[in-house]
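Chemist:
Protein chains: 2
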Amino acid sequence: MSKILILGTVAFDTIETPHGKEERVLGGSASYIGLSASQFDLKTSILSIVGDDFNSSFFNTFKSKNIDVTSIQRVIGEKTFFWSGRYSSNMNERETISTELNVLANFDPQVPKSFKNADILVLGNLAPSNQLSVIKQLTSPTAFVVLDTMNFWMDNCLDDLLQVIKNVDVITINDEEARQLSGETSLSLAAKKIFTMGPSNIVIKKGEHGALLFSGNNRFFVPAFPIERVFDPTGAGDTFLGGFAGYLAKTKNYSFQNMKKAVIYGCLLASFSVEKFGTKGLLNLDKVVINKRMQLFKRLIKDGM
Amino acid sequence: MSKILILGTVAFDTIETPHGKEERVLGGSASYIGLSASQFDLKTSILSIVGDDFNSSFFNTFKSKNIDVTSIQRVIGEKTFFWSGRYSSNMNERETISTELNVLANFDPQVPKSFKNADILVLGNLAPSNQLSVIKQLTSPTAFVVLDTMNFWMDNCLDDLLQVIKNVDVITINDEEARQLSGETSLSLAAKKIFTMGPSNIVIKKGEHGALLFSGNNRFFVPAFPIERVFDPTGAGDTFLGGFAGYLAKTKNYSFQNMKKAVIYGCLLASFSVEKFGTKGLLNLDKVVINKRMQLFKRLIKDGM
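Read top to bottom, the protein sequences are chains P and F.
In this text, residue positions in the first sequence follow this note's numbering: the first is 1, and each later residue adds one.
In this text, residue positions in the second sequence follow this note's numbering: the first is 1001, and each later residue adds one.
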C-alpha cells in the first residue's frame, strides 16, 4: 500500500455563502487534501498542528477515513488556526473576514519515522519554510513531491518559495498565481517560464473552468464537472490536489498519460466537495458514487473525433 | 454542396489592444462568421447592408473565399456600420468607444431566392426583429437555424428575442448572457431553463475558457485552444459560430455526436482569429494549417481514461 504524507493546515472555518452560514467547521488545506486522497486505498498521514480546542470528534473524522493523525500535534493552551470568509452572491469572489494563525505561528513540522519513505509528499498551502523543511526530512530520494501554494507566499517570501519550487515534481497553482509567478499573461507562456524554475509538471487550476496540465511539450485540459448548486467553494483546490495526488499515489505511475487521469480524478473529487458545506461533501463518498459520476464526467469530455 | 445563409453585420472596426491599433478594418458579425464558415466547402451567402464607403476591395475579400455577396446591399450616400473599442492590458475587458449604426438603422433584410432553401441559417448578432423576418422568409421547413445574440437585445427587446429563440435549433450565447437570460447562476440550471424557451441545443461560449454544448441530457465541454499571444479577441465568438455552423452545414448531420465535432471546429477556428488583428487570422488559412492544429487540439483534450 502506497504511503502519502500530507503537510498543511488543519483549521476551524466559519463560512458564509448565499446558501447559509456554518460556524467553526473542520477546514484547512491538509483536511481537504487528506479526506480527498483517502478515497483511494492508501496509507495517509497528515502532518499538521492544532490547539486544545480541536477535540476527539474531529480526530475521529480523520480516523474514520483511515488517516493517520499521530503527526497532528495538539498543543495544550493554544488555539487551532481559524479562518472565516464570506462569498459573493455569484460565488466568484470571497472576502476574508478573519485569519487567526494561533498555533500555526510556531509550527515546526517533524516528519514521523514511518513516513520518511513516503511515496508521495503533498505540500499543501503553508509557509514555504515549513514546506522546505519537510522536503529535507524525507529519506526517500524517489519521493514524488506535489506542491500547492498561493499569491500570499509570492508576495511575502518569494525566495523561500523559489527554493521549494526547485525541489518539487508538480506545482499546482491557480491561473492568476501562474500569471503572477511568471509575469506572463498567456498561460502557455507562463507554464514555459515556470518549467525553468524546476518542476517538470504544472497544474493550473481555473476553478469553475477546470484545470490545465503541462508536462514538457504535452498539455491536457479538463473542465470542472458542472454542478447545479455550488454550496461552498471552500477547499475545492485542496480537494482537487488530494484527488490528483491520491490517484498518483495509488498507481505510482508518473507518466503524462497517468497524470491526465489524476487531473480528472482531482476535478471529480472537487465536484463533490463544493456541493456541501466545508468537508461534508467528502465524508459520505464511496467508490460507487465516485464511479457513477466518473462515467458522467467521461461522457462530458469524450470528444467525437 | 450545402447552402449556408448568414445574417449579420458587415462593419468597419477600429480596434486598440495592448499590441497595437488598427483603424477601419473589416469587421462585423457576418464577416467573421462568413470567413470562418468558408473554410468548409459550402455555398455561402452573407445577408447584410453597407454604405458607399465599403469599396470593392472589401467585397473582393469575401469573393476570394467564394462567399456570395449579392445580398450585401450597398446604399449610396450612407455609411457602413462602425464600431471602435479598446481592450484592457489582460484582454479580459473591453470598452466600447463608439458605435455608429449608420446604414444598419434602416436594414430590412431580403433573403435572395437562391438561398430561401438554405440548409443552414445563421442568425448573427443583430436586432431580433431582423432575425425573425429572415426566419419567416425561408421556404425550407427543414433549415437548421443557429442563433447568436447578446445582452443588449435581452435588455432592450426581450419579447422579440424570445420569439426568435422559440424558432431556432441552436442558441449560442456567452456564460453571462446565459445567466441573464435564465436568471440562474449555475450554467447547468441556466441550460435547463433555456431549453424550455425552445431550442434543442445550447452552446455556452466562455471565451478563453472554451465552450459548453447542451443537447437534451447530453453535455460536452471543449476548452479554448491555448494561444501564446492573443492579439485581438474581436470576433472570436462570431468565428466560433462560423466554424460550428460551417461544419454542420458541410456534414448535414445534427446529431449530438456530430455537434460535438462542430463545437471543436468552432473553438479551433476562433484560435486562428484571435492571433491576428481583425479578420486577418482567417484570410490565409488552408486545410493543411487547420488540420495540423486540429491534431494538437485533439491531443490536448484526449483523456486517458
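Think of the CB as a built atom: it goes at the ideal place given N, C-alpha and C, for glycine as much as any other residue.
#1: With C-beta atoms as the reference, is Tyr-1247/F less than 9 Å away from Tyr-1265/F?
#2: Whole-angstrom Cβ separation of Ser-1048/F and Ile-1072/F, contact assumed at under 8 Å?
#3: Return the residues of the stretch 179-191 of chain P that lie within a Cβ-Cβ distance of less than 7 Å from chain F, sorted by chain order.
#4: For Thr-80/P, which residues in the same chain have their Cβ closer than 8 Å to its Cβ, ignoring the five residues on either side in sequence?
#5: In this structure, does DSSP put Gly-1210/F in helix, strand or coil?
#6: Measuring straight from C-alpha to C-alpha, what distance separates Ala-1118/F and Leu-181/P?
#7: Of the residues that make up the stretch 1090-1121 of chain F, which ones have a beta carbon closer than 7 Å to any beta carbon in chain P?
#8: Below 9 Å on C-beta distance, what does Lys-1227/F contact in chain P?
#9: Between the stretch 1144-1161 of chain F and the stretch 1183-1197 of chain F, do three or more beta carbon pairs fall short of 8 Å?
#10: Could you check where the alpha helix (DSSP H) with Leu-1181/F kicks off and where it finishes?
#11: Against Phe-220/P, what residues of chain F qualify as contacts under a CB-to-CB distance less than 9 Å, listed in chain order?
#12: My understanding is that Leu-285/P touches Gln-39/P, with C-beta atoms under 8 Å, so please give their C-beta distance in whole angstroms.
#13: Are the beta-carbon atoms of Gly-34/P and Lys-65/P separated by less than 9 Å?
#14: From this set, Gln-137/P, Arg-299/P, Leu-283/P, Thr-149/P, which residue's C-alpha is nearest Tyr-32/P's C-alpha?
#15: Give, in chain order, every residue of the stretch 193-213 of chain P whose Cβ lies closer than 8 Å to some Cβ of chain F.
#16: Which residues mark the beginning and the end of the alpha helix (DSSP H) in which Asp-155/P is found?
#17: At a cut-off of 8 Å, would you count Trp-153/P as near the ligand ZN, judging by its Cβ distance to the nearest heavy atom?
#18: Looking at the strands, I want to know which residues DSSP matches up with Leu-67/P.
#19: Take Phe-107/P as the anchor and find which of Leu-126/P, Gly-77/P, Thr-251/P has the nearest alpha-carbon.
#20: Give a yes or no on contact between the stretch 293-305 of chain P and the stretch 1236-1244 of chain F, applying the rule of three or more CB pairs nearer than 8 Å.
#21: Comparing C-alpha positions only, which one of Thr-1185/F, Thr-1139/F, Ser-1140/F, Ile-1135/F sits nearest to Leu-1161/F?
#22: Anything in chain P within Cβ reach of Pro-1233/F, meaning under 8 Å, just list it in chain order.
#23: Could you name the residues of the stretch 251-265 of chain P whose beta carbon sits closer than 8 Å to any beta carbon of chain F, in the order they occur along the chain?
#24: Mind listing the chain P neighbours of Pro-1223/F? Cutoff is C-beta to C-beta under 9 Å, in chain order.
#25: Spatial neighbours of Thr-99/P within its chain, please: C-beta separation below 6 Å, excluding the five flanking residues on both sides.
#26: For Lys-1252/F, which of Asp-1041/F, Val-1025/F, Thr-1017/F has the nearest alpha-carbon?
#27: Helix, strand or coil: which one does DSSP assign to Asn-1201/F?
#28: Based on the DSSP secondary-structure assignment, which residues constitute the bridge partners of Glu-1100/F?
#29: On a CA-only basis, which of Thr-44/P, Ala-211/P, Ala-105/P, Glu-177/P is nearest Lys-261/P? Give me that one, please.
#30: Return the CA-CA distance between Ser-1140/F and Ser-1114/F, expressed in angstroms with no decimal places.
#31: Within 8 Å, do at least three Cβ pairs link the stretch 1270-1278 of chain F to the stretch 1229-1238 of chain F?
#32: Give the straight-line distance between the Cα atoms of Thr-989/F and Arg-1086/F, rounded to the nearest whole angstrom.
#33: Looking at the structure shown, is Arg-1229/F part of a helix, part of a strand, or coil, going by DSSP?
Modeler: A quick look at the data gives this:
#1: yes
#2: 5 Å
#3: Thr-185, Ser-186, Leu-187, Ser-188, Leu-189
#4: Val-10, Ala-11, Phe-12, Val-50, Gly-51, Asp-53, Phe-54, Asn-102, Val-103
#5: coil
#6: 51 Å
#7: Asn-1090
#8: For the record, residue 1227/F in the displayed sequence is Ile; it is not Lys. By Cβ distance, chain P contributes Ser-186, Ser-188.
#9: no
#10: 1175-1182
#11: Arg-1299, Leu-1300, Ile-1301, Lys-1302, Asp-1303, Gly-1304
#12: 6 Å
#13: yes
#14: Leu-283/P
#15: Lys-206, His-209, Gly-210, Leu-212
#16: 151-156
#17: Ligands are entirely absent from the displayed structure, and the ligand ZN is therefore not among its contents.
#18: The identity of residue 67/P in the sequence shown is Ile, whereas the question assumes Leu. Note: Ile-67/P sits in a beta bridge opposite Thr-44/P.
#19: Leu-126/P
#20: no
#21: Ile-1135/F
#22: Near Pro-1233/F there are no residues of chain P at all, since even the closest Cβ is about 12 Å away, more than 8 Å.
#23: Gln-257, Asn-258, Lys-260, Lys-261, Ile-264
#24: His-209, Gly-210, Leu-212, Phe-221, Val-222, Pro-223
#25: Trp-83
#26: Asp-1041/F
#27: strand
#28: Phe-1082/F
#29: Ala-211/P
#30: 11 Å
#31: yes
#32: Past the edges of chain F, shown from 1001 to 1305, lies residue 989/F, and the structure says nothing about it.
#33: coil
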